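Per the numbering used here, the very first residue in the sequence shown carries number 30; after that it's consecutive. To keep things clear, I will list the structure first and then write my remarks on it.
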Amino acid sequence: MYPERNTPAGGLFLLTLNIQDRQPWLAVPRTRDVLLAVLRTWHMERNGRILAAMALPDRVHVLLELAGNITAAQVVANWKAALRRGAGYPETFERDFVGHRLRETEKAEDYGLYLYLCPYRAGLIPAEEKWPGWWVPEAAVFQFPGALSPEGLPPAEWIAWPEEKFAGLTVEK
């Protein structure tokens, strides 16, 4: 997505911010926690609404709805600056970000499920553990959590789903 592009309010977006040179600095718990705190603060300020966030070692995906006249580029710039300040890291994100506005035919549920499964399907964590970089501020937004185990873990068959299951989604990998 180009920073100068206007992103109208009310649209659902999937934003992906990659770490420079794909360094895994979001794998550091303190850095990941600062990132999630930045997202929580933004969500509470009501500049938009975050549906889900998935912090992976080398990138973060955020499914959100923009509000007001704020653009995705402004939001991302604020998040990046706040994370660098809060984490005290000289490392940085790639200059741009990848943004996709969900079309009317696309469902936030599908994107939320894809994001939730990312660390499991990538083999970053066993199915018996919860991924610490997953955040959903409003659980009722998605239906799939109702099928998770009582501990919030995915069914094994979900992890084994073929890539074609998510072929229609526009996601930066």
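Even for Gly, the Cβ is constructed at its ideal location relative to N, Cα and C. Predicted model, so just to flag it, every value in this text is computed and none were measured.
When the distance is taken between beta carbons, is residue j closer than 8 Å to residue i?
i    : j    : result
A81  : G152 : no
P166 : H90  : no
L68  : W164 : yes
L44  : D139 : no
Y149 : V200 : no
L131 : I188 : no
L65  : L85  : no
L92  : A137 : yes
I need the boundaries of the beta strand (DSSP E) containing residue i, first residue and last residue.
i    : result
G115 : Looking at the DSSP string, G115 is not in any beta strand (DSSP E); the run it does join, the alpha helix (DSSP H), is A101 to A116.
A82  : G77 to L85
T45  : L41 to N47
L131 : Premise fails: L131 is in no beta strand (DSSP E) and is neither H nor E.
V89  : R88 to L95
With distance defined between alpha-carbon atoms, name the residue in the options nearest to residue i.
i    : options                  : result
A101 : L112, G77 and A84        : G77
T70  : G175, L112, W54 and D87  : L112
L95  : P58, I79, N107 and W190  : I79
Q52  : K109, E157, T121 and L92 : T121
If you follow the alpha helix (DSSP H) that residue i is in, where does it begin and where does it stop?
i    : result
L144 : A137 to R150
T70  : P58 to M73
Measuring from the CB of residue i, is there a heavy atom of the ligand GTP at a distance below 7 Å?
i    : result
E123 : The ligand GTP is not among the ligands present in this structure, which contains no ligands whatsoever.
If you scan the stretch 154 to 194 from start to end, which runs of the alpha helix (DSSP H) of 4 or more residues do you find wholly inside it?
-> Here the runs fully enclosed are 185 to 188.
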